[in-house]
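Per the numbering used here, the very first residue in the sequence shown carries number 480; after that it's consecutive. Reading through the structure tokens given below for one structure.
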Amino acid sequence: MTRYYRYIIIALFGVMFVNCEGFLDTESYTDKNTGNFPTTTDDATQMVSGVYSCFYPPQDGVTSTYWLNALLSSDDCFGGAPYTDRGYQAINHLLCTNLNQYQSYWKKSYKGISRANMALANLDKLENEALRNQLLGEVHILRAYFYFELVQLFENIPLMTTVPETIDEITNYPLQASPDEIYGIIAYDLKNAIELMPSNKWDATVTGTGHLTRWAAEGMLARVFLFYTGFYNKENLPLMGDDYTITGSISKDDVVKVLEDCIDNSGHDLVEDFRSLWSYTNRATRKDFYLAKDAPEWVEDGKNKEQVMHIPFKTMSKWFTYESVYNSYRLTLGTRSDFSAGYLVNMFPMGHGWGAGPVNTKLYEEWKATEPNDMRRDASIIDLTTFDAFQFGTGNMMEETGYWQLKQCPISAVQEKNSDGSIKSCYVTMETSGEYDYGAIGSSEWFWAHGVDLTLIRFADVLLMHSELTNTPDGINRVRSRAGLSTVAYSDQTLRNERRWELAFEGLRWGDVRRWGIAEETLANQIGVSIYNRKQATTMKAQGVGFVERYKLTRGFRPLPFDEIELSNGVLKQNPGWDNSTIYNGWVD
């Protein structure tokens, strides 16, 4: 029925235009359209802002996003959350709560791609060459980002590269493309961005703080190359030409060159202290948090020279607004509390959240056994059982281990102290959007008061990717030196360990184990870990057919949204390993 309604609407508009053409001036003097928009700087910025709006996770479907799936699918975190919030547990067990679980992210990503296609087709109207090239580069990066996350999540996806011009193009569902074609357009976009965008230092971007840069494109190209060549066992990355057919390829040497350009010329660097990357070292929390008292102050978003690519969030959204711009990941990954003022005091500086992502105990133990003197471990993971007030099972929590990550969670701040210097009350959250904001106790505003940016690429990752591609230890040792660790010779295992420790809880482990071909063994590493389900001690167990078998069946890809398959009238084919038998209905002990 949907298709017929589309035809009716198009036909009606066609009649309207034909009947009006004879007696109306067809040039619009008040409305923006592709004939007169964009021509000014404000027009162009507005158009590109529309693409950026799809950079944020969908508010009605954070469990559908690639980033959260990558975090919870890996062996470093469990699903967690209350018993009734099964979506997080389903992700970890490579199952789904329903076959439309990923529809929100699918829709938002393709909305972003459509807007990017429109921008790329029209930004050439802008006369300011420097601004035009910068904005074109930003849009190329955004389209590449949308496609890269979609192809890692689903693999078999439609390819859309242009603005529809005919009724058939509007009404016919686009065909699923091959992975090579999708990676070819990603490479095309990133190559174009690198060639178009200036070599300004990271903090001197033409369009201002928070916008994407040439350096983001270079870092992303390396990540794409490593995943594609590793996962598909290929030597080069396919490259499309201007006609959107594969006409060439990008080699390892090409990628090494762009990484060296980023390392040598971007102005990006490692910050002095690893802890100052994370918001618990903010000036309102640091002095009262035992793990951060001797750390430098948080570098803050927009001032962080290590931040190569990030999603800039704000503290200005409300529940279920059309476009959510607060960091819903932090709310999702906060410790589950009883939402009392006493909890904040007794569990300082842990803020309230939904309880997803308890840390796998084996990560902490393996890290300690391999690098006992690595300060990053306790700067990244906190043992909640050391708090007298902590209790397993708050809010019917599942898959709890007692360990929690500190990088991506809400952080509280002291509001008032007792006469003896102990904490009397706390603000629910310490978040920032340029200046510090505090969520007041008892106010629902704290739900969306999460404005800390999500870093997608750090300079430390750039250094580690360079080491991996060149089989040299320089990047590894530069990262290790900051952590106070000794130098090492290069080996694949050393590189893999360093990526796991340095980049823990940043959404990269899942892609790494998949491209290295070790996903099955790392997933099996979760079985038998001591956990608590709704206050009851047990061990992590396979759900459904189990972690390893689920990975063999799906290769780590998720189900295409069922409604999209229906809408396509059979054009879209469901991914292997997904049907109604893979729906997760709750933990089976």
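Glycine residues also receive a C-beta, built at the ideal position from the N, C-alpha and C atoms.
Cβ pair A595, F625 closer than 9 Å: On the sequence shown, residue 595 is found 116 positions in, with the first residue counted as 1. On the sequence shown, residue 625 is found 146 positions in, with the first residue counted as 1. Contact flag set, yes.
- Spatially closest choice to V541 from W1066, Y562, Y711, K586, by CA coordinates: Within the sequence shown, numbered from 1, the residue matching residue 541 stands at position 62. Of the candidates W1066, Y562, Y711, K586, the one whose C-alpha sits nearest the C-alpha of V541 is K586.
query = In or out: D932 buried (at least 16 other Cβ within 10 Å) or exposed?
reply = Within the sequence shown, residue 932 is the residue found at index 453, counting from 1. Buried, because 16 or more other Cβ atoms sit within 10 Å of the Cβ of D932.
Review point. Three-state secondary structure (DSSP) at Q894?
Key: Indexing the sequence shown from 1 puts residue 894 at position 415. In the three-state DSSP reduction, Q894 falls in the strand class (E or B).
Q | DSSP bridge partner residues for R856 (one or two, in chain order) | A | Walking along the sequence shown from the start, residue 856 turns up at place 377. R856 is not bridged to any residue.
6 Å Cβ shell around S745 - same chain, five flanking residues per side excluded = Here residue 745 corresponds to residue number 266 of the sequence shown, with the count starting at 1. Contacts found: W681, W694.
Inset, instruction - Report the rounded CA-to-CA distance for S657 versus D721, giving the unit in angstroms. - result: In the sequence shown, counting from the first residue as 1, residue 657 sits at position 178. In the sequence shown, counting from the first residue as 1, residue 721 sits at position 242. The alpha-carbon atoms of S657 and D721 are separated by roughly 18 Å.
- Query: How do the region 682 to 693 and the region 608 to 625 stand: do at least 3 beta-carbon pairs fall below 8 Å, yes or no?
  - Reply: In short, these stretches touch, since the Cβ pair count reaches three.
Applying the 10 Å Cβ sphere with the 16-neighbour rule, what's the burial state of W1057? Translated into positions along the sequence shown, residue 1057 becomes position 578. A residue is called buried when at least 16 other Cβ atoms come within 10 angstroms of its Cβ; W1057 meets this threshold and is buried.
- prompt: With C-beta atoms as the reference, is W883 less than 9 Å away from I861?
  reply: Residue numbering aside, residue 883 sits at position 404 when the sequence shown is read from its first letter. Residue numbering aside, residue 861 sits at position 382 when the sequence shown is read from its first letter. Yes.
Handout entry: Limits of the unbroken alpha helix (DSSP H) element including R978
Key = For the purposes of this step, residue 978 is identified with residue 499 of the sequence shown, where counting begins at 1. It spans 971 to 981 - the alpha helix (DSSP H) in which R978 sits, taken as one unbroken run.
Excluding the five sequence neighbours on either side, which residues of its own chain have a C-beta within less than 7 Å of the C-beta of I790, listed in chain order? Your numbering for residue 790 matches position 311 in the sequence shown. Here the set comprises F534, Y535, D932, L933, L935.
Candidates E879, D1068, P1055, of which the one nearest L578 by Cα
In the sequence shown, counting from the first residue as 1, residue 578 sits at position 99. Looking at the Cα atoms, P1055 is the closest of the given residues.
Below 9 Å between beta carbons: does that hold for N712 and S728? One-based indexing of the sequence shown puts residue 712 at position 233. One-based indexing of the sequence shown puts residue 728 at position 249. It is not a contact, given that the beta carbons lie outside the stated cut-off.
- For G1049, name the three-state secondary structure that DSSP assigns. Here the question's residue 1049 lines up with position 570 in the sequence shown. It is coil, neither helix nor strand.
At least three beta-carbon pairs within less than 8 Å, the region 548 to 564 to the region 988 to 998
yes
Query - Nearest-angstrom Cα separation, counted from E751 out to Y915 - result: Here the question's residue 915 lines up with position 436 in the sequence shown. Here the question's residue 751 lines up with position 272 in the sequence shown. Bear in mind that the predicted position of Y915 carries a pLDDT of just 49, short of 50, making it too unreliable to give a figure here.
> Nearest CA to the CA of V967: which residue from D940, N956, E674?
Replying inline: To locate residue 967, count along the sequence shown from 1; it is residue 488. If we check each option's Cα against that of V967, N956 comes out closest.
Is G1065 buried or exposed, if buried means 16 or more other CB atoms sit within 10 Å of its CB? By one-based count along the sequence shown, residue 1065 stands at place 586. Exposed is the call here.
Exercise. Confirm, please, whether the CB-CB distance from I1044 to K1031 is below 9 Å.
Key: One-based indexing of the sequence shown puts residue 1031 at position 552. One-based indexing of the sequence shown puts residue 1044 at position 565. The beta carbons of K1031 and I1044 sit no closer together than 9 Å.
Drop a sphere of 10 angstroms on the beta-carbon of V737, count the other beta-carbons inside from all chains shown, and report buried for 16 or more, exposed for fewer. Position 258 of the sequence shown, counting from 1, holds the residue named residue 737. When all chains shown are included, V737 counts as buried.
| message | If you reduce the DSSP assignment to three classes, tell me which class E1071 lands in. | response | What is shown of the chain runs 480 to 1068, which leaves residue 1071 out entirely.
Using DSSP with H/G/I as helix, E/B as strand and the rest coil, what is R1037? Against the sequence shown, residue 1037 aligns to sequence position 558. Of the three classes helix, strand and coil, the one that applies to R1037 here is coil, per DSSP.
*Per DSSP, which residues does L718 bridge with? Please list them.*
Within the sequence shown, the letter at position 239 stands for residue 718. Looking at the DSSP assignment, L718 forms a beta bridge with G727.
Exercise. For A835, which residues does DSSP report across the bridge?
Worked result: Reading the sequence shown from its first residue, position 356 is the one you call residue 835. Paired residue(s): G559.
> What is the DSSP secondary structure of I646, reduced to helix, strand or coil?
Replying inline: Locating residue 646 in the sequence shown gives position 167, where the first residue counts as 1. It is helical.
S1009 lies in the beta strand (DSSP E); which residues open and close that run? Position 530 of the sequence shown, counting from 1, holds the residue named residue 1009. It spans 1009 to 1012 - the beta strand (DSSP E) in which S1009 sits, taken as one unbroken run.
(message) Our contact map puts R994 next to G698 with C-beta atoms below 8 Å; I'd like the distance itself, whole angstroms only.
(response) Locating residue 994 in the sequence shown gives position 515, where the first residue counts as 1. Locating residue 698 in the sequence shown gives position 219, where the first residue counts as 1. That belief does not hold up - the Cβ atoms of R994 and G698 are roughly 16 Å apart, past 8 Å.
Check your understanding: Below 8 Å, can you find three or more Cβ-Cβ pairs linking the region 1026 to 1040 to the region 995 to 1003?
Key -> yes
Tell me the residue span of the beta strand (DSSP E) that contains M788. The sequence position of residue 788 within the sequence shown is 309, counting from 1. It spans 786 to 790 - the beta strand (DSSP E) in which M788 sits, taken as one unbroken run.
> Comparing alpha-carbon positions, which option in L718, H945, D857 lies nearest G663?
Replying inline: As a working mapping, residue 663 is identified with position 184 in the sequence shown. The option with the nearest alpha carbon to G663 is L718.
Which two residues bound the contiguous alpha helix (DSSP H) that contains Q1015? Your numbering for residue 1015 matches position 536 in the sequence shown. Not the alpha helix (DSSP H): Q1015 falls in the beta strand (DSSP E), residues 1015 to 1018.
What's the gap between the Cα of R702 and the Cα of F827?
Position 223 of the sequence shown, counted from the first residue, corresponds to residue 702. Position 348 of the sequence shown, counted from the first residue, corresponds to residue 827. Using only the alpha carbons, I get a separation of about 36 Å.
- Segment contact flag, the region 641 to 661 with the region 756 to 764, C-beta cutoff 8 Å, min 3 pairs: no
Are S859 and F984 closer than 9 Å when you measure CB to CB? In the sequence shown, residue 859 corresponds to position 380, counting from 1. In the sequence shown, residue 984 corresponds to position 505, counting from 1. In contact: S859 and F984 (Cβ atoms closer than 9 Å).
Helix, strand or coil: which one does DSSP assign to D1042? The residue labelled residue 1042 in the question sits at position 563 within the sequence shown. When DSSP states are grouped into helix, strand and coil, D1042 belongs to the helix group.
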